[in-house]
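Engineer: Please see the structure below; I have some questions.
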Amino acid sequence: MPDTVINVEHLTRRFRRTTALDDVSLEVPAGTVMGLVGGNGAGKTTLIKHLLGLLKAKTGSVRVFGLDPVTDPVGVLGRIGYLSEDRDLPQWMRVDELMQFTRAYFPQWDETYAAQLREMFDLDPKQRVKSLSRGQTARLGLLTALAHRPPLLVLDEPSSGLDAVVRRDILAAIIRTVADEGRTVLFSSHLLDEVERVADRIAMLHNGKLVLSDELQTLLDGHTRLTLRFAEPCESQPSLPGALSCDGEGHEWTVICNGHVAELRTAAEKQDATIVEEAKPSLEEVFVARIHGGSRSDTPANS
Ligand code: ATP
Numbered sequence: 004m005p006d007t008v009i010n011v012e013h014l015t016r017r018f019r020r021t022t023a024l025d026d027v028s029l030e031v032p033a034g035t036v037m038g039l040v041g042g043n044g045a046g047k048t049t050l051i052k053h054l055l056g057l058l059k060a061k062t063g064s065v066r067v068f069g070l071d072p073v074t075d076p077v078g079v080l081g082r083i084g085y086l087s088e089d090r091d092l093p094q095w096m097r098v099d100e101l102m103q104f105t106r107a108y109f110p111q112w113d114e115t116y117a118a119q120l121r122e123m124f125d126l127d128p129k130q131r132v133k134s135l136s137r138g139q140t141a142r143l144g145l146l147t148a149l150a151h152r153p154p155l156l157v158l159d160e161p162s163s164g165l166d167a168v169v170r171r172d173i174l175a176a177i178i179r180t181v182a183d184e185g186r187t188v189l190f191s192s193h194l195l196d197e198v199e200r201v202a203d204r205i206a207m208l209h210n211g212k213l214v215l216s217d218e219l220q221t222l223l224d225g226h227t228r229l230t231l232r233f234a235e236p237c238e239s240q241p242s243l244p245g246a247l248s249c250d251g252e253g254h255e256w257t258v259i260c261n262g263h264v265a266e267l268r269t270a271a272e273k274q275d276a277t278i279v280e281e282a283k284p285s286l287e288e289v290f291v292a293r294i295h296g297g298s299r300s301d302t303p304a305n306s
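As structure tokens, then:
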């Protein structure tokens with residue numbers, strides 16, 4: 004298996020006047036759990052569709068296992084387990100029929116594992132797909148994506164519809180096991196605390212642009228959350244060069260920055276403020292600061 008499972012270079016995709024992907028370049032090394040994050044309409048599903056060959060790269064290139072998913076769909080799709088955002092499973096089939104049907108496409112289908120997953124997900128083999136609840140449909144979609152033990156698992160919003168127990172315990176454990184076996188996972192999610200729990204690497208999309216792509220730990224270590232206490236209450240957001248975002252009211256304001264701590268310290272002192280806490284932010288705080296804090300780069304939010 005190549006060291007790099009996914010290789011996207013300068014991929015741009017436009018739908019009429021919407022630029023869904025804007026010069027995106029991304030590498031996913033083998034054995035990685037890559038969390039693909041971004042707000043609504045950021046371009047996550049469009050990127051995934053290119054990886055599956057459902058969309059053809061018009062500008063730039065897409066390689067999965069070194070192959071072009073559009074010209075070599077068998078070589079690529081045979082090695083991918085995919086859970087779509089819409090969970091579009093054939094409604095007229097029963098659970099056991101869908102399992103048999105999917106098995107026919109994948110020589111590596113693991114019957115014992117499939118049965119274990121069905122038990123674990125508490126799915127009735129005789130139940131029709133159309134009568135399953137949203138969560139049960141998501142479980143069945145996951146089962147069919149997993150049971151052939153694909154070298155690459157692509158999950159579009161896997162948590163959507165799943166209850167907290169399945170999300171936190173089962174899904175997270177499955178993703179970790181897949182990675183521990185040297186296989187690769189790419190999953191998109193809005194639930195950043197869950198992404199933080201399982202991902203090794205993060206790719207953050209915003210308005211079609213890849214704004215961050217790094218190892219999770221490096222990304223978190225590179226950012227700092229400072230809590231500032233001002234001697235006098237601030238009527239409006241204080242001007243703090245180096246801040247990616249600044250939230251609060253009155254005496255107390257919280258700043259997220261990447262680097263620039265000394266600069267912020269000086270600016271705080273000048274404004275008669277003391278830093279009462281310095282801590283590592285969560286992925287969600289970094290995301291909000293990066294996406295909604297008004298900055299896409301090292302440009303300070305308030306300068
Ligand atoms: P969400 O988290 O809401 O599912 P996303 O990050 O998956 O969003 P995409 O579905 O990739 O985002 O959409 C990116 C942008 O491209 C959006 O503005 C969307 O409206 C647009 N888009 C996607 N597919 C099409 C299409 N087939 N035709 C027109 N516009 C499209």
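Per the working numbering, numbering through the sequence shown is continuous, rising by one, with the last residue being 306.
Glycine included, each C-beta is placed from N, C-alpha and C at the ideal position.
What you are looking at is a predicted structure, and each value in this text was computed from that prediction instead of being measured.
1) Quick one: is the Cβ of LYS2 within less than 6 Å of any heavy atom of the ligand ATP?
2) Kindly indicate which three-state DSSP category PHE68 falls into: helix, strand or coil?
3) Check each candidate in ARG16, ASP91, THR7, ARG131 and name the one with the smallest Cα separation from LEU29.
4) Closest by CA to LYS52, which one among PRO76, GLY262, SER242, GLY69?
5) DSSP on TYR108, reduced to helix/strand/coil?
6) Rounding to the nearest angstrom, what Cα-Cα distance links ASP26 and GLY245 in this structure?
7) With respect to the alpha helix (DSSP H) encompassing LEU55, which residues constitute its N-terminal and C-terminal limits?
8) Could you tell me whether the region 202 to 210 touches the region 258 to 266, where touching means 3 or more Cβ pairs closer than 8 Å?
9) Which word fits TYR108, buried or exposed, when buried means at least 16 other C-beta atoms lie within 10 angstroms of its C-beta?
10) Taking the alpha carbon of GLU252 as the reference point, which residue from VAL264, SER242, GLU238 has its own alpha carbon closest?
11) Got a sec? Which residues, its chain only, sit under 6 Å from LEU223 by beta carbon, not counting five neighbours each side?
12) Note the first and the last residue of the continuous alpha helix (DSSP H) segment covering ALA33.
13) Check whether the Cβ of ALA23 sits closer than 6 Å to any heavy atom of the ligand ATP, and report yes or no.
14) Short check: CB of ALA60 to CB of GLY46, under 7 Å?
15) With distances taken from CA atoms, which of GLN220, GLY211, GLU281, ARG268 is nearest ALA20?
16) Can you tell me where the beta strand (DSSP E) with PRO153 in it begins and where it stops?
17) Among LEU231, LEU189, PRO32, VAL279, which residue has its Cα nearest to the Cα of GLU160?
18) Express the C-alpha separation of PRO32 and SER242 in angstroms, rounding to a whole number.
19) Please determine whether the Cβ atom of ASN43 lies at a distance below 6 Å from any heavy atom of the ligand ATP.
20) Given that a residue counts as buried once 16 or more other Cβ atoms are within 10 Å of its Cβ, and exposed if not, what is SER136?
21) I want to check one thing, is the minimum distance from the CB of PHE104 to the heavy atoms of the ligand ATP below 6 Å?
22) In whole angstroms, what is the alpha-carbon distance linking ALA182 and GLU281?
23) For VAL36, which residues from the same chain have a beta carbon less than 7 Å from its beta carbon, with the 5 sequence-adjacent residues on both sides left out?
24) DSSP three-state call for VAL289: helix, strand or coil?
25) Would you check if there are 3 or more beta carbon pairs closer than 8 Å linking the region 87 to 107 to the region 127 to 144?
26) Got a sec, what are the start and stop residues for the beta strand (DSSP E) ASP172 sits in?
27) Using C-beta distances below 6 Å, list every residue in its chain close to VAL264, excluding the 5 sequence neighbours before and after it, in chain order.
28) Using CA coordinates, which residue listed in ALA118, PRO153, PRO154, VAL40 is at the minimum distance from LEU143?
Structural biologist: Working from what's here:
1) Within the shown structure, residues of the chain are numbered from 4 to 306, placing residue 2 beyond reach of any answer.
2) If DSSP states are grouped into helix, strand and coil, PHE68 belongs with coil.
3) It is THR7.
4) PRO76
5) coil
6) 27 Å
7) Note, LEU55: premise wrong, no alpha helix (DSSP H); not H, not E.
8) Touching, no, given that fewer than three Cβ pairs across the two stretches are closer than 8 Å.
9) exposed
10) Comparing Cα-Cα distances from GLU252 to each of VAL264, SER242, GLU238, the minimum goes to GLU238.
11) LYS283
12) Segment: none, ALA33 is in no alpha helix (DSSP H) and carries neither H nor E.
13) The closest heavy atom of the ligand ATP lies less than 6 Å from the beta carbon of ALA23.
14) no
15) The sequence shown places Arg at residue 20, rather than the Ala named in the question. Closest option to ARG20, Cα to Cα, is GLY211.
16) Here PRO153 belongs to no beta strand (DSSP E), and DSSP marks it neither H nor E.
17) LEU189
18) 40 Å
19) yes
20) exposed
21) no
22) 33 Å
23) ILE178, ALA182, VAL188, VAL201, ALA202, ASP203
24) helix
25) yes
26) Note, ASP172: premise wrong, no beta strand (DSSP E); not H, not E.
27) Hits under 6 Å: THR227.
28) ALA118
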